[in-house]
Amino acid sequence: MRGREDEWTGLMRSAMAGDDAAYHRLLKAVTPVLRAAARRGLARAGQPPDQAEDIVQEILLAVHLKRHTWDSEAPFAPWLFAIARNKLIDTLRRRGRRIFVNIDDFAETLPGEAPEETASAAEVATQLNTLPQRQRDVLQSIAVEAASIKDTASKYAMSEGAVRVALHRGLAALTAKLRDHS
Numbered sequence: 001m002r003g004r005e006d007e008w009t010g011l012m013r014s015a016m017a018g019d020d021a022a023y024h025r026l027l028k029a030v031t032p033v034l035r036a037a038a039r040r041g042l043a044r045a046g047q048p049p050d051q052a053e054d055i056v057q058e059i060l061l062a063v064h065l066k067r068h069t070w071d072s073e074a075p076f077a078p079w080l081f082a083i084a085r086n087k088l089i090d091t092l093r094r095r096g097r098r099i100f101v102n103i104d105d106f107a108e109t110l111p112g113e114a115p116e117e118t119a120s121a122a123e124v125a126t127q128l129n130t131l132p133q134r135q136r137d138v139l140q141s142i143a144v145e146a147a148s149i150k151d152t153a154s155k156y157a158m159s160e161g162a163v164r165v166a167l168h169r170g171l172a173a174l175t176a177k178l179r180d181h182s
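Quick note: the sequence shown, position 129, residue 129 per the UniProt record's numbering, numbers continuous.
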């Protein structure tokens with residue numbers, strides 16, 4: 001387990017430094033672990049495990065959108081499993097039942113801060129469509145298609161700095177819109 005966590009941390013550090021192949025390897029490595037944890041969490045809550053793929057996709061999207069918040073000096077796994085735990089709880093809450101989730105399924109160490117409220121994928125899509133075209137294109141390219149800043153800059157004939165600005169502004173505007181609608 002420790003070796004796997006060290007590998008994930010190393011891959012995430014490389015990904016944050018711009019190594020797209022490392023990012024792809026990381027996502028490929030964590031997906032089966034997340035899928036198994038989501039299935040266990042759903043089963044323990046008395047829910048059918050058929051929603052596990054949706055939860056995994058929400059986790060991976062959140063990882064991609066929030067990767068800038070990860071502290072590169074900290075291990076990656078606790079950060080990942082905190083997101084996974086919150087996404088599972090969000091899914092179960094949307095079903096309108098009080099449930100208890102065994103947090104041991106997600107990590108030995110979880111941060112003590114309260115989970116943030118998250119918006120549904122439909123809410124995000126609706127609010128994304130209200131953004132200016134350039135911000136929407138950049139967010140779509142980076143967050144959904146997992147393109148790098150460099151590739152996005154080439155695709156839209158923009159400088160990498162302009163892509164970063166559009167990404168930052170788009171994420172800030174999207175966050176504000178989602179906060180206003182919650």
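Each residue gets a CB set at the ideal place from its N, CA and C atoms; glycine is no exception. Being a predicted model, the structure only gives us computed values, none of them experimental.
1. Can LEU176 and GLN135 be called in contact, C-beta distance under 8 angstroms?
2. Between the segment 76-92 and the segment 43-63, can you find at least three pairs of beta-carbon atoms closer than 8 angstroms?
3. Measuring CB atoms only, is the segment 61-81 touching the segment 43-50, in the sense that at least three cross pairs come out at less than 8 angstroms?
4. Quick one: which unbroken alpha helix (DSSP H) runs of 4-plus residues sit fully inside the UniProt domain "RNA polymerase sigma-70 region 2" (32-98)? Chain order, please.
5. Cβ of residue 188 within 8 angstroms of Cβ of ILE149?
6. Does the Cβ-Cβ distance between ALA143 and HIS64 come in under 8 angstroms?
7. Around the Cβ of residue 236, are there at least 16 other Cβ atoms within 10 angstroms (buried) or fewer (exposed)?
8. Mind checking whether GLN127 and LEU178 have CB atoms under 8 angstroms apart?
9. In whole angstroms, what is the alpha-carbon distance linking LEU171 and ALA77?
10. Can you tell me the Cα-Cα spacing of GLU73 and HIS24, whole angstroms?
11. When DSSP labels each residue in this structure, what does SER148 get in the three-state scheme?
12. Let's test the definition: count the other Cβ atoms within 10 Å of the Cβ of ALA43 and tell me whether it reaches 16, buried, or not, exposed.
Reading off the structure:
1. Residue 176 is actually Ala in this sequence, not Leu. With contacts defined as CB atoms closer than 8 angstroms, ALA176 and GLN135 fail to qualify as a contacting pair.
2. A contact is defined here as three or more CB-CB pairs under 8 angstroms, and the segment 43-63 meets this definition with respect to the segment 76-92.
3. Because the criterion of three Cβ pairs below 8 angstroms is not met, the segment 61-81 and the segment 43-50 do not touch.
4. Listed in chain order, the complete alpha helix (DSSP H) runs (minimum 4 residues) inside the UniProt domain "RNA polymerase sigma-70 region 2" (32-98) are 52-66 and 76-94.
5. Outside the shown range of the chain (1 to 182) lies residue 188, about which nothing can therefore be said.
6. Result yes, Cβ atoms of ALA143 and HIS64 sit closer than 8 angstroms.
7. Outside the displayed range of the chain (1 to 182) lies residue 236, so it cannot be described from this structure.
8. With a cutoff of 8 angstroms on beta-carbon distance, GLN127 and LEU178 are scored as near each other.
9. Roughly 24 angstroms between the two C-alpha positions.
10. When rounded, the distance between both Cα atoms is 21 angstroms.
11. Coil at SER148, not helix or strand.
12. ALA43 should be labelled exposed.
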